[in-house]
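Okay, structure first, notes after.
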DNA sequence: CGGAGCGGCGCG
DNA sequence: AAAGCGCGCCGCTCCG
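Residue numbers (the working numbering): 539 to 1112.
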């Protein structure tokens, strides 16, 4: 790595309403210190950022506790080190040979704080989060830097920690900026699908109509459709011997109740998950602002909390609409996980299959399986550990064609079955087996173990093997996506602001109404909201960042990560 | 009354 | 079409 030497400033001391800023060296040695009122912080940060040369990092206990207020004040930062998230990685990483100090610091394993809740009633509740005392914060920083330095691969870990911390910044910015949401389009989609919105307590007209058809087909005007046990009994009375009321099982029965019931369930799902109540609660001002939770999934994927950001139904994507004069740049990576697997395992044959734009067609072209659908099922089965059905049947063909890639996931599964730890490409490690899991294994190896004990142990082992098999791929894909996001973020920040902010400027706060900004992220997909005049520039940045992410993680390994990218007024899927 | 658990289904 | 990974949220039911 070249460029200016990194500099660091610890920000701490929140509870005292006095902020302490400590400039430190990369090993935590204090250089200088000052204190300021909380209201002064944005100005101080802005001053440092404006003269920073790109290598300055803010070190704080928890990005979600500090950054939202800065964003509200119109200040963003280029880089940070999020101690809470980095602690979670380092305390369990197999690359860290001696993590005893970190593991002892259990207070750093607290869940994230919530800046907005702080101002309410929760200051002293148990969700107080990780420490913010300046000495504690600096101590943790010192521990983390030492752990990285002494680790088996400091470069990989530094990359992972930088990506994770950038993700924390991005998550806060995504929330602040929001996803532009057109309530009129949403309302129209709902009305088309569900019928007229009821004024009182009843169901929308088309939902009610389906419910009437279901009850008529069941021959029971009082049938309860929303209680699974009651519905199941009604179905039995009507001659449908279903064991569950799930969609795929119901679809197998040839009975007049099936079609309207499936339709009813689909409509009710839309109504309850993303209906008018959702619209009023989650997108009241032309922006959908989910709470993203970086590192919320053990594999390193993000989770979300509130609004169901990660479950937006395709059906509603037309409601994601750019402001007038702006566009959306929507991009996702085609088959990210198998590509990541090819790169991790240095499987040239699989990389060759991935050469064009469609990895699955590449597998067909290589004569491994005969159709694209088979290729897809086989690949998913390989990564998820399928053993039965079409998927399990196709995996052996994959094992012959791509032995290196398959060996990587098969090894990960074996390690998991044996109770071991697996790690992603950059060094995020799987959690150890739970106490319950170990107890099940121990019981089976007891001299007086029953065959039931043995079966249970074997099943638990295989379950864990499927988890670790998938962990290495899903987790490395998450790392690739973080690197993509982080690089894109800095490219977007370098674009000029536009003169006239979009009309909904107030909706996206002071920072994002005049600048191209990330607006959505979902595992392998991003949406950028950009001034129309910058659309092509943004699209180029999105592509360059993907290339950069591949280079950062996998160096010169010859593998494409092609994007499906479109520039449009809305985010409807093709 | 509230919380945990479950079936079900949306997303990758 | 649902075997195989990871999530969050809904409504209902059960239980303390």
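Just so it is clear, CB atoms sit at the ideal spot from N, CA and C, and this is done for glycine as well. Owing to the predicted nature of the structure, the values given are computational and were not obtained by experimental measurement.
Take residue i as the anchor and find which of the options has the nearest alpha-carbon.
i: residue 542; options: 584, 723, 566, 589; result: 589
i: residue 943; options: 875, 967, 977; result: 875
i: residue 728; options: 691, 678, 804; result: 804
i: residue 855; options: 1100, 719, 1082; result: 719
i: residue 1001; options: 977, 955, 579, 1011; result: 955
i: residue 667; options: 769, 747, 623, 697; result: 623
i: residue 1064; options: 1020, 1094, 775, 797; result: 1020
i: residue 931; options: 1031, 920, 609; result: 920
i: residue 747; options: 733, 757, 737; result: 733
i: residue 821; options: 1013, 721, 835, 549; result: 721
i: residue 645; options: 825, 599, 652, 685; result: 599
i: residue 845; options: 857, 859, 830; result: 830
i: residue 564; options: 754, 683, 738, 903; result: 683
i: residue 560; options: 596, 575, 592; result: 596
i: residue 765; options: 740, 673, 806; result: 806
i: residue 756; options: 777, 704, 767, 739; result: 777
i: residue 576; options: 557, 591, 586; result: 557
Would you say residue i touches the ligand MG, meaning its beta carbon is less than 7 Å from a heavy atom?
i: residue 611; result: Ligands in the displayed structure: none, and consequently the ligand MG is not present.
State the DSSP-derived secondary structure class of residue i, mapped to helix, strand or coil.
i: residue 826; result: strand
i: residue 738; result: coil
i: residue 646; result: helix
i: residue 959; result: coil
i: residue 550; result: strand
i: residue 790; result: coil
i: residue 895; result: coil
i: residue 986; result: coil
i: residue 926; result: coil
i: residue 662; result: Low confidence applies to residue 662: its pLDDT is 43, below 50, so where it sits in the model is not reliable enough to give any reading.
i: residue 562; result: strand
i: residue 1108; result: strand
i: residue 569; result: strand
i: residue 631; result: coil
i: residue 602; result: helix
i: residue 968; result: coil
i: residue 1154; result: Because the chain in this structure spans residues 539 to 1112, residue 1154 falls outside the shown range and cannot be described.
i: residue 909; result: coil
Under the DSSP definition of a beta bridge, which residues are partnered with residue i?
i: residue 1065; result: 868, 1058
i: residue 719; result: 858
i: residue 574; result: 557
i: residue 619; result: 597
i: residue 1103; result: 869
i: residue 831; result: 841
Express the C-alpha separation of residue j and residue i in angstroms, rounding to a whole number.
i: residue 670; j: residue 950; result: 38 Å
i: residue 891; j: residue 841; result: 31 Å
i: residue 657; j: residue 1079; result: Because the pLDDT at residue 657 is just 45, under 50, the model does not fix this residue reliably, and the value given afterwards should be weighed accordingly. About 38 Å.
i: residue 730; j: residue 724; result: 10 Å
i: residue 618; j: residue 843; result: 23 Å
i: residue 743; j: residue 735; result: 7 Å
i: residue 692; j: residue 978; result: 37 Å
i: residue 798; j: residue 774; result: 17 Å
i: residue 779; j: residue 749; result: 20 Å
i: residue 786; j: residue 927; result: 16 Å
i: residue 1060; j: residue 946; result: 26 Å
i: residue 634; j: residue 614; result: 32 Å
i: residue 934; j: residue 1107; result: 44 Å
i: residue 791; j: residue 741; result: 27 Å
i: residue 652; j: residue 1046; result: 19 Å
i: residue 962; j: residue 688; result: 19 Å
i: residue 923; j: residue 938; result: 16 Å
i: residue 763; j: residue 1037; result: 55 Å
i: residue 918; j: residue 941; result: 16 Å
i: residue 711; j: residue 847; result: 15 Å
i: residue 703; j: residue 1026; result: 15 Å
i: residue 905; j: residue 912; result: 12 Å
i: residue 572; j: residue 553; result: 16 Å
i: residue 957; j: residue 862; result: 55 Å
i: residue 953; j: residue 916; result: 22 Å
Note to self: When you compare the region 1064 to 1077 with the region 836 to 851, are there three or more beta-carbon pairs, one atom per stretch, that lie closer than 8 Å?
What the structure shows: Verdict: no, contact absent.
Would you call the region 1084 to 1098 and the region 1022 to 1034 in contact, with 3 or more CB pairs under 8 Å?
yes
Using a Cβ distance threshold of 8 Å, determine whether the region 621 to 641 contacts the region 676 to 693, with at least three qualifying pairs required.
yes
- Examine the Cβ distances between the region 1095 to 1111 and the region 877 to 893 and report whether three or more of them are shorter than 8 Å. yes
Exercise. Report yes or no: do the region 818 to 838 and the region 979 to 998 share at least 3 C-beta pairs separated by less than 8 Å?
Key: Under the three-pair Cβ rule at 8 Å, the region 818 to 838 does not count as touching the region 979 to 998.
*Mind the definition here: the region 627 to 641 touches the region 966 to 977 only if three or more C-beta pairs lie below 8 Å; say whether that holds.*
yes
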